[in-house]
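First residue of the sequence shown? That's 628 in this note's numbering, and the numbers climb one at a time after it.
All C-beta atoms in this analysis are idealised placements derived from N, C-alpha and C, irrespective of residue type, glycine included.
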Amino acid sequence: MLIDSLYPKSFASDNHAGVHPAILSAISTANEGDAPAYGGDSCTAVFERHIKEEFGDHAEGFAVLNGAGANMVGLALMLGRYDAIICADTAHIATHEAGAAERLLGVKLITVPTTDGKLTPQDISSRLSGLGNSHESQPRVVSISEVTELGTCYSPNEIAALAETAHEAGLYLHVDGARLANAAAFLDCSLREITTDVGVDVFSFGGTKNGALAAEAVVVLEQSLARGVPFLRRQSLQLASKMRFISTQLSALLTDELWRTNAARANAMARRLAEGVAALPGVGITYPVESNAVFASLPEKTTAALQERYLFHVWDERTGVVRWMTAFDTTPAQVDDFIEDIERHLSA
Numbered sequence: 628m629l630i631d632s633l634y635p636k637s638f639a640s641d642n643h644a645g646v647h648p649a650i651l652s653a654i655s656t657a658n659e660g661d662a663p664a665y666g667g668d669s670c671t672a673v674f675e676r677h678i679k680e681e682f683g684d685h686a687e688g689f690a691v692l693n694g695a696g697a698n699m700v701g702l703a704l705m706l707g708r709y710d711a712i713i714c715a716d717t718a719h720i721a722t723h724e725a726g727a728a729e730r731l732l733g734v735k736l737i738t739v740p741t742t743d744g745k746l747t748p749q750d751i752s753s754r755l756s757g758l759g760n761s762h763e764s765q766p767r768v769v770s771i772s773e774v775t776e777l778g779t780c781y782s783p784n785e786i787a788a789l790a791e792t793a794h795e796a797g798l799y800l801h802v803d804g805a806r807l808a809n810a811a812a813f814l815d816c817s818l819r820e821i822t823t824d825v826g827v828d829v830f831s832f833g834g835t836k837n838g839a840l841a842a843e844a845v846v847v848l849e850q851s852l853a854r855g856v857p858f859l860r861r862q863s864l865q866l867a868s869k870m871r872f873i874s875t876q877l878s879a880l881l882t883d884e885l886w887r888t889n890a891a892r893a894n895a896m897a898r899r900l901a902e903g904v905a906a907l908p909g910v911g912i913t914y915p916v917e918s919n920a921v922f923a924s925l926p927e928k929t930t931a932a933l934q935e936r937y938l939f940h941v942w943d944e945r946t947g948v949v950r951w952m953t954a955f956d957t958t959p960a961q962v963d964d965f966i967e968d969i970e971r972h973l974s975a
């Protein structure tokens, strides 16, 4: 028995979930026979067609191995040696990628404090005073996360306003879309409506957190940038030799909107959890529940007791805020059992 199976359900991350059966089936099908390496295969050609169907004929999709790699390849397309990235202070590239942007891209991150993880046009404008000043790093890219690290979502109008502000200043707009599917499911819109249609230049499309085994994509909408991806992907160690197994996972997600089915299920389970604990004494929901993340404040002793049986992260030790994540395979029964345990430990 795996030691992990001693936990009834992990609420620590959607990365802890397994692989959706349809994706496992796609991998098995792709395993039949030989195929050219490094993307010269039919599975990758199908994936590239799916990207154009979903995001527009000018969209170019490139399969990569993981989310941090997708961010580094996508951002590298738009940056020079003296450039900088404007992002929220909670952005994944600023907090959870071990300084990859600074180390691998050699650029400065200009972070902006936010209350909900979301940048505004005013936030961007406030960081542009150094443009043209040779003594300062030059803002070149605005990077946002959709969904944000606090579980909130940008509306299409909000992204469009950011794109307009960025483009007027000569900057690009990048979206870390590790949970892009969750945002589209919450907003009840297409993936295109929060990328292509609102002025995004480059974004990542996440699969691993939404039922894939290990599959992400860099999608380039600004055509002048696409030429550099094959070289940067190789240089960044993100070019899979047996790419058919990566591409086929992404195609499975993009077929019959499996991405939406999985994301909507995860989002619904997060809402169920938040609604189930909202009225409990000693629990406070700290951010709007707009995706598959629930942030809640708990008494320290309750958190400690729950972590003896459940995996989840303490987000802020000072305030007692924890983060609970649901996934495509989280069930109502698992959520309800967790709620019962939270209530029981609160009253202990």
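- Distance from the CA atom of Val949 to the CA atom of Thr779, rounded to whole angstroms, is 16 angstroms.
- Around the beta carbon of Glu927, a 10 Å sphere encloses fewer than 16 other beta carbons of the protein chains shown; the residue is thus reported as exposed.
- Residue burial is scored here from C-beta neighbours: Leu864 has fewer than 16 other C-beta atoms within 10 angstroms and is therefore classed as exposed.
- By the C-beta criterion, the region 929-949 is judged not to be in contact with the region 792-810, since fewer than 3 inter-stretch pairs fall below 8 angstroms.
- Look at Met896 here: in three-state DSSP terms it is helix.
- Annotation note: the region 804-892 contains the following uninterrupted beta strand (DSSP E) runs of length 3 or greater, listed N- to C-terminal: 829-833 and 843-847.
- In this structure, Met705 and Val825 do not form a Cβ contact; the two beta carbons are roughly 17 angstroms apart against a cut-off of 8 angstroms.
- Around the beta carbon of Asp963, fewer than 16 other beta carbons lie within 10 angstroms, which makes this residue exposed.
- In the DSSP annotation of this structure, Asp668 is not part of any beta strand (DSSP E), being labelled neither H nor E.
- For Ser764, the closest alpha carbon among the candidates Glu681, Gly733 and Ser770 is that of Gly733.
- Spanning the alpha carbons of Gly701 and Leu877 requires a straight line of approximately 17 angstroms.
- Inclusion of Ala808 and Asn889 in the CB contact set at 8 angstroms is warranted, their separation being smaller than that value.
- Between Phe872 and His647, the beta carbon gap of about 15 angstroms keeps them out of contact (Cβ cut-off 8 angstroms).
- Here Ala839 is actually not in contact with Leu881; their C-beta atoms are around 11 angstroms apart, not less than 8 angstroms.
- Within the region 694-780, the alpha helix (DSSP H) runs of at least 4 residues that lie entirely inside it are, in chain order, 694-703, 719-722 and 748-752.
- In summary, Asp943 is exposed, with fewer than 16 beta-carbon neighbours lying within 10 Å of its beta-carbon over all protein chains present.
- Under the three-state reduction of DSSP output, Ala653 falls in the helix class.
- Separation of the CB atoms of Lys735 and Gln961 is rounded to 43 angstroms, and the pair is thereby denied contact status at 8 angstroms.
- In terms of CA proximity to Val847, Val827 leads the group Val769, Val827, Arg754 and Arg899.
- In the three-state scheme derived from DSSP, where H, G and I count as helix and E and B as strand, Glu791 is classed as helix.
- Distances from the CA of Cys670 to each of Arg860, Thr656 and Lys679 were compared; the closest alpha carbon is that of Thr656.
- Counting other Cβ atoms within 10 Å of its Cβ, Ser874 reaches 16 or more and is therefore classed as buried.
- The alpha carbon of Leu818 has as its nearest neighbour, out of His972, Pro959 and Ala686, the alpha carbon of Ala686.
- Ranking Glu659, Val768 and Leu859 by CA distance to the CA of Gly696 puts Leu859 first.
- Under the DSSP assignment, Ala932 falls in the alpha helix (DSSP H) whose first and last residues are Glu927 to Leu933.
- Contact check for Ala793 against Ile751 passes: the beta carbons are separated by less than 8 angstroms.
- One alpha carbon belongs to Ala715, the other to Leu746, and they sit about 6 angstroms apart.
- When C-alpha distances from Ile966 are compared across Gly660, Glu729 and Val904, the shortest belongs to Val904.
- The Cβ atoms of Gly744 and Thr717 sit closer than 8 angstroms to each other.
- Secondary structure of Leu938 (DSSP, three-state): strand.
- In this structure, the alpha-carbon of Leu852 lies about 58 angstroms from that of Ala975.
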